[in-house]
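Protein chains in written order, with this note's numbering: chain A, 1 to 260; chain B, 1001 to 1250. In what follows, a single structure is set out as structure tokens and then discussed.
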Amino acid sequence: MGVTMFKNRYIIPVLFLLFVIWSIIGTGFSIRDLIAGVPNLSNFIGCMFPPAWDTFVPLISPAIETIQMAFLGTVFAVVLSVPVALLAANNITPSKPVKLLARGVIAFTRTVPDIVFALIFVSAVGLGPVPGILALAIHSVGMLGKLYAEAIEEVDPGPVEAVEAVGAGKLQAVYYAVIPQVTPSFVASTLYRFDINVRSSIVLGLVGAGGIGFELIMAMRLFRYHEMLTILIIIFIVVMLSEWASNSIRAHVIGEEVLK
Amino acid sequence: MLTVNHLRKRLPNGKLLLRDINFSVGEGEFVAILGLSGTGKTILLRCINRLTTPDGGEIVLTDNGNPLNITQSDAGEIRELRRRIGMIFQSFNLVKRRSVIENVLIGKLGRIGMVRSLMCRFADDDIEMAHRALNRVGISDLADRRAGTLSGGEQQRVAIARSIMQDPCLLLADEPVANLDPTTAEVVMEHLRSISVGNGISTLAVLHQPELARRYATRVLGVRDGVIVYDGDARLSDDDFEVIYGCNDV
Chain A
1 MGVTMFKNRY IIPVLFLLFV IWSIIGTGFS IRDLIAGVPN LSNFIGCMFP
51 PAWDTFVPLI SPAIETIQMA FLGTVFAVVL SVPVALLAAN NITPSKPVKL
101 LARGVIAFTR TVPDIVFALI FVSAVGLGPV PGILALAIHS VGMLGKLYAE
151 AIEEVDPGPV EAVEAVGAGK LQAVYYAVIP QVTPSFVAST LYRFDINVRS
201 SIVLGLVGAG GIGFELIMAM RLFRYHEMLT ILIIIFIVVM LSEWASNSIR
251 AHVIGEEVLK
Chain B
1001 MLTVNHLRKR LPNGKLLLRD INFSVGEGEF VAILGLSGTG KTILLRCINR
1051 LTTPDGGEIV LTDNGNPLNI TQSDAGEIRE LRRRIGMIFQ SFNLVKRRSV
1101 IENVLIGKLG RIGMVRSLMC RFADDDIEMA HRALNRVGIS DLADRRAGTL
1151 SGGEQQRVAI ARSIMQDPCL LLADEPVANL DPTTAEVVME HLRSISVGNG
1201 ISTLAVLHQP ELARRYATRV LGVRDGVIVY DGDARLSDDD FEVIYGCNDV
């Protein structure tokens, strides 16, 4: 009894510690390297100051491009995700093979990182924001499709049945009884994804998919460290602004729910 | 106008719920279905508009002199059939985030083309008809409210208005007042009767209170052990009670 309790209490922390040590050995992580790197790091950061304020205004337009990429990517993702989610939801799907196919699409698009999609599309359609938009749109289906499908599966079946009982078709039942029920949760998921896409679109710029991220990688390669800092400041502003915008929309939608 | 012969329905768990149901309903009758909980009264109703598929027997609906075999219908015919059969649910089943008037207009969906209904374009005549239907159940002032903000009694009246929009020949009511307080239940039953009598719509209502059946129905069907054990006057004697419910002090 005492031995079992000992085992139960310590087995997880011990395993955890072993896992940490195993990972440190495997990756060659060393504190010494880290300490040795501090002067380089401070030197690098020192090179960035002060920010090159004269580049601030010209960098606004790539920053806007980043937001536009994230926005369009999210819009296309919604257009793709709604039908996929309907086909993947247990209560709406027309048949089991279709459901499995839709779930396969969702799992695949979620598993493949957006940067991989971006690399593929950059080689297909060339540099610029278009491959970034496509990458965001497709990768987002993995998350939005899953969240939408879960919301659809939670709807009250009563109103759906009532609409079907008047002789309406399946599509009409979805439109009149399912969509109204899932709208609040769809809005919340979509705004959340938009926040993620704003940040992702910056990373996608690094592989040539346009926007402020592309400017960041160019500045880095050309050793324009002052410009880099300006770009980081702009990225900070962009992320804060987009989160503020989606928070106010969310508050507006949820507030509407409470009031009415 | 509605004839049910040898209707049989087995539950997914293998239990034979409806063994051999036989009855018919005439034009304009208000028939109450009584019986213990779990005897399949709701399933019986749902077989009639094919929300549930029966395992055997036949249901024939005669509308304007055309007999239609419900149990043989394919998907298209089932939709056709449902347009003429209104259904009232215990939990009202309104789309809560839509306005009252939109919920009433849902009653017309079966007769509107797919494209037009997806564009939310209802004809002016239909909108006017929806307002008249709301007026008929006494809640025309609530047309623009969200359905979810209404009280239970008001929601059930919206559901009745939705059925009126179908211009049905048969109305199925599945425990229409089970979720309502006694006073509100009276109002809803009164509306159901007024539509049944006023429009000559045959009504089949599953009820839990023999008292309501006595006051509103023209006839009672008692279901027990998968068969109809009572078919007759809505005023039940103590013996009738015992036949339906198994004891006379329910």
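Idealized CB from N, CA, C, for every residue including glycine. Keep in mind that this is a model prediction, so the values were computed, not measured.
Check	Outcome
Between which two residues does the beta strand (DSSP E) containing leucine 1170(B) stretch?	1170-1174
In its own chain, which residues sit with a C-beta less than 8 Å from the C-beta of threonine 1039(B), not counting the 5 before and 5 after it?	Leu1017, Val1223, Arg1224, Asp1225, Gly1226
For arginine 1252(B), which of helix, strand or coil comes out of DSSP?	The requested residue 1252(B) is not part of the displayed model; chain B covers only 1001 to 1250.
Relative to chain B, which residues along the segment 136-157 of chain A have a C-beta separation below 7 Å, given in chain order?	none
Report the rounded CA-to-CA distance for leucine 191(A) versus isoleucine 235(A), giving the unit in angstroms.	19 Å
Looking at chain A, which residues of the segment 1101-1129 of chain B have a Cβ within less than 7 Å of any of its Cβ atoms?	Ile1106, Gly1107, Leu1109, Gly1110, Met1114, Ser1117, Leu1118
Kindly indicate which residue of Gly1028(B), Gly1232(B), Asn1103(B) has the alpha-carbon position closest to the one of serine 1163(B).	Asn1103(B)
Could you name the residues of chain A that glutamate 1080(B) contacts, counting a contact when the two beta carbons are closer than 9 Å?	Gly167
So, is lysine 1015(B) buried or exposed, given that buried needs 16 or more other C-beta atoms within 10 angstroms?	exposed
When Cβ atoms are compared, which residues of the segment 1037-1065 of chain B fall closer than 7 Å to chain A?	Asn1049, Leu1051
Are any of the Cβ atoms in chain B nearer than 8 Å to that of threonine 183(A)?	yes
Where does aspartate 1239(B) fall in DSSP's three states?	helix
Give the residues of chain A in contact with glutamine 1156(B), contact being defined as C-beta atoms less than 7 Å apart.	Simply none; closest approach about 12 Å.
Work out the CA separation of serine 185(A) and glutamate 150(A) for me, nearest whole Å.	10 Å
In whole angstroms, what is the alpha-carbon distance linking leucine 1221(B) and alanine 162(A)?	25 Å
On a CA-only basis, which of His1006(B), Arg1214(B), Ala1173(B), Thr1062(B) is nearest serine 1196(B)? Give me that one, please.	Ala1173(B)
When you compare the CB of glutamine 1209(B) with every CB in chain A, is at least one pair closer than 8 Å?	no
CB leucine 136(A) to CB glycine 73(A), shorter than 8 Å?	yes
Roughly how many whole angstroms lie between the Cα atoms of valine 1229(B) and valine 1243(B)?	7 Å
In angstroms, rounded to a whole number, what distance separates the CA positions of isoleucine 64(A) and asparagine 197(A)?	14 Å
Beta-carbon within less than 8 Å of leucine 259(A)'s beta-carbon, same chain only, minus the 5 sequence neighbours each way: which residues are those?	A caution first: leucine 259(A) carries a pLDDT of 46, below 50, which makes its placement in the model too unreliable to give a value.
Evaluate glutamine 181(A) with the Cβ neighbour count: other Cβ atoms within 10 Å of its Cβ, from every protein chain shown; 16 or more gives buried, anything less gives exposed.	buried
Considering histidine 1191(B), what are the terminal residues of the alpha helix (DSSP H) in which it resides?	1182-1199
I'd like to confirm the pairing. Which residues does DSSP put opposite leucine 1016(B) in its beta bridges?	Arg1010(B)
So, are the CB atoms of isoleucine 1059(B) and threonine 1071(B) less than 8 Å apart?	yes
Is there a Cβ of chain B sitting closer than 8 Å to that of proline 94(A), yes or no?	no
Whole angstroms are fine: how far does the CA of arginine 199(A) sit from the CA of leucine 1044(B)?	56 Å
With a threshold of 6 Å on Cβ separation, who are the neighbours of alanine 1161(B) within its own chain once the five nearest residues in sequence on each side are excluded?	Val1104, Ala1133, Leu1134, Val1137
Taking CB distances under 8 Å as the criterion, tell me whether proline 131(A) reaches chain B.	no
According to DSSP, leucine 1221(B) sits in a beta bridge with which residue or residues?	Ile1033(B), Asp1231(B)
Residues bridged to glutamate 164(A) by DSSP?	Note: glutamate 164(A) sits in no beta bridge, so no partner.
Going by beta carbon distance, what residues of the same chain come within less than 6 Å of asparagine 1066(B), once the five residues before and after it are set aside?	none
Count Cβ pairs between the segment 1211-1218 of chain B and the segment 1020-1032 of chain B that sit closer than 8 Å; are there 3 or more?	yes
I need the straight-line Cα distance from glycine 1076(B) to proline 1168(B), nearest angstrom please.	18 Å
Select from Ala219(A), Met143(A), Phe19(A) the residue whose C-alpha is nearest the C-alpha of arginine 103(A).	Met143(A)
So methionine 1165(B) is in the alpha helix (DSSP H); what residue range does that whole segment cover?	1152-1165
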